[in-house]
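*Asks:* First to last, the sequence lines map onto chains A and B.
Just so you know, numbering that gives the first Met the number 0 puts 61 at position 62 of the first sequence, and the rest follows in order with no gaps.
Just so you know, numbering that gives the first Met the number 0 puts 205 at position 206 of the second sequence, and the rest follows in order with no gaps.
Idealized CB from N, CA, C, for every residue including glycine.
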Amino acid sequence: MILFEANYSKKIGLPGYSSHQFSVSLKTELADVGQVQTESSRLYALLQQSVDSNIKQVGFLPGEAKTNGNGQNGHPHSVRPAEETWKCSPAQKELILKITDEHKLDKTQVDQLALDRFGKGVKALNKLEASGLIDELLVQTGQSQPRTGRFSKAGGR
Amino acid sequence: MIAIVENGAGPVAEVSPLEKLKRTVSASRLNCWLQCRLKFYFRYVLKLTKPKTPALHFGSVVHLVLQQWNLTRWRKQPFELEKLKSVFTTGWLDQGGRIEWDGEEPEQKQTAWLTLEKYFCDTPIKADELPAAVEVPVEADLSQHGLPQLIGVLDLVRAVGRIVDFKTTGKTPDEALTLHQNGVQLDCYSVLYREATGQREAGRELHHLVKTKNPKLVITTTGPMPEYQRSRLFRLMENYVEGLDREDFVPAPGFGCLGCEFLNECRQWNGGH
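Written out as structure tokens, the structure reads:
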């Protein structure tokens, strides 16, 4: 008898720097090794579906205690798409994406740059931090030098 | 500003300088307005340009080097005095332009570098302190108060949320007076910081690099902007908007005329008729 163990885990980000995760484990027995591949695919699909159907229920979120503690209209929260969770201004988001696309930058590396400089991913940057990241991206892509213009002429801003 | 302040959406109709000034305000503009409205008119409405003064050049290059020093820490690179010296040397040449030195350039250049060395020696900012922001342009929509958009560039925000502005000066500043004189600027920065981060600043610092023969560093600190200062700032902005609407560009003769680059134009001013 062969003991087969499968685990599926998922962690997702939520508004307000929150996150939650859920994992499902399952143990079963297989009659022979030849069943492993088929059983693995079947269990993966089964566990993923199980996790996905449950993880949509976000439950309590910090800062939303006034909403019945149960979400709007008494219904549980549903997961918002990650694209909606940018903390910076829409114009900054647009510019970051534009620079990334135009210069074919690796989004993981841009996110890593944000993590390195600010200890958080691009989407979690506030307006001040996003402004700094944009300047750095412009310098790295050769579109500007560090901000020297303000020092170069008489008169104020 | 490159990144956000002037990143408009598509082409816009031609707008007069006066209309543009009504839409946005900065600490520099506000200070100039309060100092002398005719000077404001020459500088921002007519956009008359004047040669850089030695003092402005001195300050520009010092700021440039401090910016590089802050960026170096932000990028977690090691402190290398020689590299900063190289930035200084290049900056002194690049940003020179037409300046009337009266034979004092070598001495001024030496003093500028000594002032920076003194700063690096005495600064309370540790070599491994990561900045939260360096030379970042920020803006605050104040339309809900009936005011123009506030724009500005923060020299440095320390990791703990302390806003820092660098100054070069020929005289040792008096603490109470310098906080009063720089109040508009500091309060503008507080408004900008709060808008950009959603948080109250931890404090404000003026780092004065005193460019005497034996340079000094004087740091003046103050707490977060109190509510009454914010009200005071908004009242000044109201005055700015109302004055621009009236085209109220009258001179304010006084001590400020001593270093004014528009003294000749002012003398010939006929009342706007």
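Return helix, strand or coil for B:Asp-127, following the three-state DSSP convention.
*Replies:* In this structure, B:Asp-127 counts as coil in the three-state DSSP scheme.
*Asks:* Confirm, please, whether the CB-CB distance from B:Val-133 to B:Leu-70 is below 9 Å.
*Replies:* A contact, by the Cβ cut-off of 9 Å.
*Asks:* Exposed or buried, B:Arg-28, counting other C-beta atoms within 10 Å across all chains shown (16 or more means buried)?
*Replies:* Its Cβ being crowded by 16 or more others within 10 Å, B:Arg-28 is buried.
*Asks:* Return helix, strand or coil for B:Pro-51, following the three-state DSSP convention.
*Replies:* Per the sequence shown, residue 51 of chain B should be read as Lys rather than Pro. Note: B:Lys-51 maps to coil in three-state DSSP.
*Asks:* Contact criterion: CB-CB distance below 9 Å. Does B:Arg-74 meet it with respect to chain A?
*Replies:* Yes, contact with chain A.
*Asks:* What residues of chain B sit near A:Arg-41, judged by a beta carbon separation below 7 Å?
*Replies:* The premise fails here: A:Arg-41 is roughly 47 Å from chain B at the closest Cβ pair, so nothing lies under 7 Å.
*Asks:* Can you name the start and end residues of the alpha helix (DSSP H) that B:Gly-90 belongs to?
*Replies:* Segment 80–93, the alpha helix (DSSP H) holding B:Gly-90.
*Asks:* The beta strand (DSSP E) with B:Thr-167 in it runs from where to where?
*Replies:* Segment 161–168, the beta strand (DSSP E) holding B:Thr-167.
*Asks:* Using beta-carbon positions only, say whether A:Leu-132 and A:Phe-117 come within less than 9 Å of one another.
*Replies:* In contact: A:Leu-132 and A:Phe-117 (Cβ atoms closer than 9 Å).
*Asks:* Buried or exposed: A:Ile-95, going by 16 or more other Cβ atoms within 10 Å of its Cβ?
*Replies:* Counting Cβ neighbours within 10 Å, A:Ile-95 comes out buried, since at least 16 surround it.
*Asks:* Would you say A:Ala-113 faces chain B, with C-beta separation under 9 Å as the test?
*Replies:* No, A:Ala-113 lies away from the interface with chain B (no Cβ there is under 9 Å from its Cβ).
*Asks:* Can you list the residues of chain A that B:Val-156 reaches, using a CB-CB cut of under 8 Å?
*Replies:* Within chain A, the residues near B:Val-156 are Leu-127.
*Asks:* I'd like to know whether the C-beta of A:Asp-110 is nearer than 9 Å to at least one C-beta of chain B.
*Replies:* Judged by the 9 Å Cβ criterion, A:Asp-110 is not in contact with chain B.
*Asks:* Indicate the three-state DSSP secondary structure (helix, strand or coil) for B:Lys-46 in the structure shown.
*Replies:* Reduced to three states, the DSSP call for B:Lys-46 is coil.
*Asks:* Is it the case that the Cβ atoms of A:Val-57 and A:Lys-9 are separated by a distance below 9 Å?
*Replies:* Against a cut-off of 9 Å, the Cβ pair of A:Lys-9 and A:Val-57 comes out as no contact.
*Asks:* Checking contacts by CB at 9 Å: is A:Asp-100 closer than that to chain B?
*Replies:* Not an interface residue.
*Asks:* Can you confirm whether A:Phe-3, when its beta carbon is compared against all beta carbons of chain B, has any partner nearer than 9 Å?
*Replies:* Not one chain B Cβ lies under 9 Å of A:Phe-3.
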